[in-house]
Amino acid sequence: MSKHAITVTVNGEQVTKEVDARTLLVHFLREDLSLTGTHIGCDTTSCGACTVHLNGTAVKSCTVFAVQADGAKVETVESLAKGAELHPLQEGFWEMHGLQCGYCTPGMLMAAKELLAHNPDPTEEEIRWGISGNLCRCTGYNKIVEAVQYAAAKMRESREEAAV
Amino acid sequence: MIPGEFEYHAPSSVDEAVALLERLGEDAKVLAGGHSLVPAMRFRLALPQHLVDINRIDGLGHIREEGGFLVIGALTREAEVERAPVVAERYPLLADAARVIADPLVRNRATVGGNLAHADPANDHPAVMLAYGATMVAQGPGGRREIAVDDFFVGLFENAMKPNEILVEVRIPAPGPGSGGAYEKFERKVGDYAISAAAVQLTMKGSTCAAARIGLTNVSAVPMRAHGAEEALVGKEPTADVVEAAGQAAAAECDPSGDLRGSEEYKRDITRVLVKRAIRRAVQLAGGGAA
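Keeping their order, the protein sequence lines are chains A and B.
Using the working numbering, read the first sequence as starting at 1 and increasing by one per residue.
Using the working numbering, read the second sequence as starting at 1 and increasing by one per residue.
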């Protein structure tokens, strides 16, 4: 049925593609743009593995149509590292063993990124709340919470250094 | 899973959206936050021929007090309700509910209007708005009209709006002095629908409960008020016996179905407990006594 030409700024790069109305944002990212860091875990809007930022807000990209992102800015997990330099969140997951199989990690990273943008110094409870839309079947979450705490501390330090 | 095919429409005004609904008739669905509709489309439980996406319409995303009401635009995201200072300060029942709807990622996208228009008894806002005695504002070809929440839910997934009308606003009466409210939800895990939930909004005069409205979530085919529980409470001092009687009335008048979340008997008893808890907290917030 209806096809639409959409222009989306994905990880800072503007792309224009034609999509079917029914194409979900996650499929657009993975299949049309080959950005396979964004995972599909459940197909039921439950697991959060497909979390990306849409105009700065963390959303489950399996529950937004690509055509709805026309004119928007989308950031995926691929936007986090700058070359070989990991984002503090990625470093936190590395250092604190915040993953085992890693399937949920892209979504966890993007949900945690939004949490820290709103709340740079979250309590453990606030971190658990912030990632409560993301399911992990490996870690029992403790290591993920520690990873986010690590990142929060590191990001606060670099902000303080920058302020000095 | 990929939804069935459809035509996508993105109107930029409510008038334009209404004209589309008028033209497309029953084959069209309104797409707001999409967090009920898109999952249903992926499972092919919903196969609309046309989607009218209202997300590009300006002026439907406000939340403010105005003329004795809290006015919430239908496209207001749940996360915006959760963060709104006016809600945190003056609308504890709504604030309670906003924290427990689905999960934070869903709340970033899901809308108050969609939650209500979907008329799902498992959704949280119907019981909340029943307890507040809110007014729904629908816009159709003939302009706007108000629908009392008591008349809004007419069946399972069925509301009182015509196919060519769009829900544009929800109006909650500002709570007066001596009022309090609470939402108590029992769920298996974050993001699940309630096993049961109770929304209570009441007004105390001295030690007497002068007025109360109670809504229940996911224990009936149509979002319901617990009239029996209200009657057990109003005009009385909310002593332990009175609160227990209200809880028992709610347990008796609700109509849950046994499913994976629990048996009918279990859900009735959980409803009793949740109604009691919500009443106690509401009375406390209202500055009332005993309970």
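In this text, a Cβ means the ideal position worked out from N, Cα and C, and glycines have one as well.
Query: Just list the alpha helix (DSSP H) runs in the segment 141 to 221 of chain B, keeping only unbroken ones of 4 residues or longer that don't cross its boundaries, in chain order.; Result: 149 to 152
Query: Helix, strand or coil: how does DSSP classify B/V137 here?; Result: strand
Query: Just to confirm the assignment: which complete alpha helix (DSSP H) runs, minimum length 4, are found wholly within the segment 60 to 120 of chain A?; Result: 88 to 95 and 105 to 118
Query: Following the continuous beta strand (DSSP E) through A/A5, name the residue where it begins and the one where it ends.; Result: K3 to V10
Query: With distances taken from CA atoms, which of B/R144, B/N164, B/P238 and B/K189 is nearest B/E26?; Result: B/N164
Query: Just grab the DSSP bridge partners of A/T139 for me.; Result: Looking at the DSSP assignment, A/T139 forms no beta bridge with any residue, so it has no partner.
Query: Comparing C-alpha positions only, which one of B/A131, B/E65, B/M161 and B/P11 sits nearest to B/V87?; Result: B/E65
Query: Under the three-state reduction of DSSP, which class applies to B/A98: helix, strand or coil?; Result: helix
Query: Which complete alpha helix (DSSP H) runs does the segment 34 to 114 of chain B hold, if anything under 4 residues is left out?; Result: 37 to 42, 78 to 83, 85 to 90, 92 to 100 and 104 to 107
Query: Quick one: which chain B residues come within Cβ less than 7 Å of A/S34?; Result: Residues of chain B passing the Cβ test: none, with the nearest at roughly 18 Å.
Query: In terms of alpha-carbon separation, which member of B/Y91, B/R44, B/G114 and B/Y132 lies closest to B/A74?; Result: B/G114
Query: Using a C-beta to C-beta distance shorter than 9 Å, which residues of chain A count as neighbours of B/G113?; Result: The premise fails here: B/G113 is roughly 17 Å from chain A at the closest Cβ pair, so nothing lies under 9 Å.
Query: In this structure, how does DSSP classify A/V164 when only helix, strand and coil are distinguished?; Result: coil
Query: Classify B/M15 as helix, strand or coil using the three-state DSSP reduction.; Result: The amino acid at residue 15 of chain B is misidentified as Met; the sequence shows Asp. Of the three classes helix, strand and coil, the one that applies to B/D15 here is helix, per DSSP.
Query: Going along the chain, which residues of its own chain have a beta-carbon closer than 7 Å to the beta-carbon of A/E78, five neighbours each way excluded?; Result: N11, L35 and G37
Query: Report the residue from A/K73, A/E125, A/A84 and A/E91 whose alpha carbon sits nearest the alpha carbon of A/Q14.; Result: A/K73
Query: Taking the Cβ atom as the reference point for each residue, do A/I131 and A/A111 lie within a distance shorter than 8 Å?; Result: yes
Query: Can you list, in chain order, the residues of its chain with a C-beta nearer than 7 Å to that of B/E158? Leave out the 5 residues immediately preceding and following it.; Result: A119
Query: Helix, strand or coil for A/T51 per DSSP?; Result: strand
Query: Just by C-beta distance, which residues in the segment 92 to 106 of chain B are closer than 7 Å to chain A?; Result: D103, P104, L105 and V106
Query: Check the Cβ-Cβ distances between A/K154 and every residue of chain B, and say whether any is below 8 Å.; Result: no
Query: Can you name, in chain order, every residue of its own chain whose Cβ lies under 6 Å from the Cβ of B/P39, other than the five neighbours on each side?; Result: none
Query: For a contact defined as C-beta to C-beta under 7 Å, what are the partners of B/D53 on chain A?; Result: Q68
Query: Cβ closer than 8 Å: which chain A residues qualify as neighbours of B/P39?; Result: T44, T45 and T63
Query: Just confirm the distance between the C-beta atoms of B/K180 and B/L202, as a whole number of angstroms; I'd bet it's less than 8 Å.; Result: It is worth fixing the name first, because residue 180 of chain B is Gly in this sequence and not Lys. That pair is a contact at about 6 Å.
Query: Indicate the three-state DSSP secondary structure (helix, strand or coil) for B/A290 in the structure shown.; Result: With a pLDDT of 46 at B/A290, under the threshold of 50, the modelled position of this residue cannot be trusted; read the value that follows with caution. Here B/A290 sits in coil by DSSP.
Query: In the DSSP assignment, what are the bridge partners of B/E244?; Result: Answer by DSSP bridge pairing: none, since B/E244 is not bridged.
Query: Can you name the residues of chain A whose CB is closer than 9 Å to the CB of B/V190?; Result: W129, S132 and G133
Query: Just reading off the beta strand (DSSP E) that B/H9 is part of, what are its end residues?; Result: E7 to H9
Query: Would you kindly work out how many angstroms separate the C-alpha atoms of B/G289 and B/E237, rounded to a whole number?; Result: Note that B/G289 scores 49 on pLDDT, short of 50, meaning its location in the model is unreliable; the coordinates nonetheless yield the value given after this. Near 8 Å, if we compare the C-alpha coordinates of B/E237 and B/G289.
Query: Mark A/K60 as exposed unless 16 or more other C-beta atoms lie within 10 angstroms of its C-beta, in which case mark it buried.; Result: buried
Query: Based on Cα-Cα distance, which residue from A/N55, A/Q149, A/G48 and A/H4 lies nearest to A/P120?; Result: A/Q149
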